[in-house]
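Residue numbers (my numbering), protein chains in the order written: chain A, 1 to 761; chain B, 762 to 1163.
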């Protein structure tokens, strides 16, 4: 289909288009035109990805000088693969239309674990071990040694890539993980490094968030991406947490122990090297004196992405004298580690700001702020000089050095909390030092500053105005699209009381209340009786799940549930959970029917789709508030209030509702799908909660579906299920939620936009 | 909403519903309205798909599988699902044998994870109706096992000669099936034996049921209410198109005349005898002279069509075959025309109702006699009458009909 979107000719690889896809492209085009950032919410299953790709590819072809690269960030490997499949389809369509090869390269980058084809290394299951073993074979000094001594093993794939592949470019086309692997195997080159190399010249790069958001990785992988690129964060409803996690450090006793051991190793290696040949160390010393001038030059000319771990000021200075010498530096680190050890020896919770921490460290062990700042940089350089191949062994020390750099660089937006024990086990001493980022905008700022357009998109971004606040940016376009449907294929309901009129809620005071627990159980039993195939039920936490299931067991509710469907429970063990999921799917496929009890914020709630028969109903038991007693959370709330004027309650509700929306959104993955969404908590009925749900859910949550009792909701669901089961074909959708080109032209742009943005009642 | 003169059921018997909402939804044009429209469209589409001159499997062998599990006691169909199903099945069986006189039927019930054959494949409606009567009083309990029922039906059906069409019609109230093994294997076997499985679910769309219907080429439907249930059931009265695997074969049939001879009136008048059909039940036996006599072995029957118990010959009368005949030459589908309120339209040719813009979006025209019909009559002509009133009433087209 050939579309004209405000002057831009877009080739769309399908015969039909959803009205919201069209409006999505219009909004996206406006944002790119304005060279600004945008925030777009569109329900899952309405073809976000293909609209994005179609528009951006068209833009790149028409205005290559304005826009030369697309960086598409997604969360999981299957999602990334899906993007590439869509892209392949799109390019195939282009080829059919133009009868020629399109000079566009799309490439995926993933970890070594997913890309390695070395016969021994790829057998490893753990990503970190794969990385380590790869380093062992590919580090520069290992290769140097290999030149003189054949017994030192190297990776032939990497060698061949270095010799020949470095200069060559991939043929235009789309390369998925498997394509890269087979291409690598054919050529005898390392697929991982092919992909790394391709990132710099490919037109479309698809990878995980971390390659861009985590400053430690972004420095290596993404620094060459040009300014006039579009960066897309898909499934970005959790982007603030990713940002925060990438800037936070957690120090446990174990890390300290391992770091001390690392230091001993380091000292030994240095001594050995001094005896054998001190040349390297002197060379390194010279480099230190010259400072980081080169890096600074690169940044000024706008060549690289700024790294927040390595702030601008550092670059203007040389590395301080007292840590230039390798032995001095090791001594310096030892003092720092000893200091941390002392800090962990606490009986009660300590909370302080980075400034207080620095002052204390100065007093206790006489470490100045300035050398601390260089710790990470200095350690990296030292590890390189000492020819330590397997850096995974030193991960503990690297973590400590990151802490040193971060704590001395940022005084605002961070906090240090030392807890002597975990909240769940107050009697077992297990001290942890949290160095916690409170401000999501720090990690994401360089990205907003550098790239001309950043697109943040997901199925659930409501309320939209929260994201610009917590990420601290000014979006040019901010829109929420609804789902145009030929039949009402989602049925959201708020159940607030049981049949005995007892209000149901997961709030703290009524958690232990047996009548509430019983009413939740009865609701589930009734649902299980009338809903075919799969039902998924989300609890607010593992703790709550366990206590409720125990109570249900005593009340005989579990037995009743099992009479109708098989019961599966998500646990904190990933292997157990995936086994449960597998059997859950099997039970749904075979017609036995199953119910899965899982937890909001868990693995199931984020990554697993329950489309069609796998999830005909989703029940959200309680509002999934984050654990509010956590000190880290309290500190963050305080910071948000002081800095961005976001009230604590607003943020908590926002966070809870986005997770609730994520959970219930699992059931609907397309327009032919249908599913019931039950919000089982009295508090969902209040306006401030309801209004924070995504618009496409709100639209169907009419007043008559709010504040229902169990029985009322069952009546609604029963009738609705039968209606939805009637045969439904594409012809029924045509013209309403599915448009052909003629219909699109006839309807006119204005109408369609209006359709996609139906007003909320 | 449902006023008393509606005749369907009393207000207090209906389910709990918020009537004020029902009205609102209609105004929206979203809920009830759109679904009803989709059903209507589907009906028409089916009609259009039905081609004349298609090979139909006229000798049908069908197993009706009835769910008698716990959930059949549910009261969402009045008075209960079980009784409602039996009632509708009674009508269905009559209708079925009326339209397919040379077919056979058997009944299986599922309860307590077991399948039980209530009546074996036979061509007499009476026997089945009696069986149904018996089922009506059976208590519901346990869970159904789809696999067991399918296996049982398959065991009987796969022995049949290759010219017979084999079908299973399942009426399922439960949302689960409790199977001893992998049901997918059974489904594949069914497909191999060209057994068409159709399902009518009383509760909702169950994945495996839909898959079963799809793989074996049957239909899957979910009932909205009893009227819709009846519609779905009656769909199965029409013989399905013959599967490609069916071999054409000549079938030997007998056409006995009804002999009504009083005793002793003529030489070849029959003797007083007991008929074969009532042999099992001595109390219903009537000694009479008249009846139908099998041309091959001279056994006596009091009703047709029937399969001769002695020699296995299919006995039917000519009108029976004639009734099957209209399936082969259905009335050609009418053309759909948009209805414009401004046009000067005659009322519907068949029911004489004048059209109104609010009710009639489309009107229908017969391609042969060029008369115009309303949507209800369109469906009535094609589904029940099998004869266009326009064509039949006009001399020039009537002759063409014959």
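Positions of the beta carbon are idealized from the N, C-alpha and C atoms, including for glycine.
task = Consider the C-beta atom of residue 612 (chain A) and the heavy atoms of the ligand MN; say whether any pair is separated by less than 8 Å.
result = Ligands displayed in this structure: none; no statement on the ligand MN is therefore possible.
key: Proximal chain A residues relative to residue 965 (chain B), where beta-carbon distance stays under 9 Å   = 530, 531, 532, 533, 616, 718, 721, 722, 724 and 725
ask   = Mind pulling the chain A residues with CB within less than 8 Å of residue 829 (chain B)?
value = Chain A residues near residue 829 (chain B): none, gap ~17 Å exceeds 8 Å.
ask   = Of all the alpha helix (DSSP H) runs that stay within the bounds of the segment 97-182 of chain A, which reach a length of 4 or more residues?
value = 112-115, 127-138, 140-148 and 156-160
task = Can you give me the Cβ contacts of residue 30 (chain A) inside the same chain, cut-off strictly under 6 Å, excluding the 5 residues immediately before and after it?
result = 477
ask   = Which runs of the alpha helix (DSSP H), 4 residues or longer, sit entirely within the segment 244-277 of chain A?
value = 253-276
key: Environment of residue 276 (chain A) [buried if 16+ CB atoms lie within 10 Å]   = exposed
message = When you compare the CB of residue 565 (chain A) with every CB in chain B, is at least one pair closer than 9 Å?
response = yes
task = Measuring alpha carbon to alpha carbon, tell me which of A:395, A:393, A:264 and A:355 ends up nearest residue 330 (chain A).
result = A:264
key: chain B contact residues for residue 588 (chain A), given Cβ-Cβ distances below 8 Å   = 968
message = Does the contact criterion of 3 or more C-beta pairs under 8 Å hold for the segment 598-611 of chain A versus the segment 629-638 of chain A?
response = no
query = Do you know offhand how far residue 675 (chain A)'s Cα is from residue 223 (chain A)'s?
reply = 44 Å
task = Using alpha carbons as the reference points, say which of A:82, A:33 and A:77 lies closest to residue 66 (chain A).
result = A:33
key: 9 Å Cβ cutoff met for residue 961 (chain B) and residue 911 (chain B)   = no
query = Could you give the residue range of the alpha helix (DSSP H) that holds residue 386 (chain A)?
reply = First-last for residue 386 (chain A): undefined, no H or E at that position.
Alpha-carbon spacing of residue 155 (chain A) relative to residue 981 (chain B), whole angstroms = 58 Å
query = Name the DSSP beta bridge partners of residue 957 (chain B), please?
reply = B:928
ask   = Taking three-plus beta-carbon pairs below 8 Å as touching, is the segment 679-692 of chain A in contact with the segment 728-743 of chain A?
value = no
ask   = Between the segment 569-585 of chain A and the segment 639-649 of chain A, do three or more beta carbon pairs fall short of 8 Å?
value = no
inquiry  = Residues of the segment 582-609 of chain A in Cβ contact with chain B at a cutoff of 8 Å, in chain order, please.
reply    = 588, 589, 590, 591, 592 and 593
request  = Evaluate the contact criterion for the segment 463-480 of chain A versus the segment 488-497 of chain A: three or more CB pairs, one atom per stretch, below 8 Å.
outcome  = no
query = In the segment 450-481 of chain A, which residue ranges form an unbroken alpha helix (DSSP H) of at least 4 residues, counting only runs that do not cross its ends?
reply = 466-471
request  = Consult DSSP for residue 1063 (chain B) and reduce its assignment to one of helix, strand or coil.
outcome  = coil
request  = Return the residue from the list A:342, A:132 and A:125 that minimises the CA-CA distance to residue 420 (chain A).
outcome  = A:342
request  = Using a Cβ-Cβ cut-off of 9 Å, state whether residue 210 (chain A) counts as contacting chain B.
outcome  = no
ask   = In chain order, which beta strand (DSSP E) runs of at least 3 residues are fully inside the segment 205-246 of chain A?
value = 229-233
query = Thinking just about the alpha-carbon of each residue, which of B:877, B:899, B:858 and B:852 is nearest to the one in residue 841 (chain B)?
reply = B:899
task = Find the residues of chain B that neighbour residue 613 (chain A), judging by a C-beta separation of less than 7 Å, and give them in chain order.
result = 968
request  = Taking C-beta pairs closer than 8 Å, name the residues in chain A that residue 939 (chain B) reaches, listed in chain order.
outcome  = 592
query = If you measure beta-carbon to beta-carbon, which residues of the segment 837-850 of chain B are closer than 8 Å to chain A?
reply = 837
request  = Can you give me the start and stop residues for the beta strand (DSSP E) that residue 1098 (chain B) sits inside?
outcome  = 1096-1099
query = Are the C-beta atoms of residue 1117 (chain B) and some chain A residue less than 9 Å apart?
reply = no
Every unbroken alpha helix (DSSP H) inside the segment 551-592 of chain A [4 residues or more] = 557-564 and 574-589
key: DSSP bridge partner residues for residue 597 (chain A) (one or two, in chain order)   = A:537 and A:569
key: Contact belief for residue 204 (chain A) with residue 87 (chain A) at Cβ below 8 Å, rounded distance in angstroms   = 6 Å
query = How far does the beta strand (DSSP E) with residue 4 (chain A) in it reach, from first residue to last?
reply = 2-5
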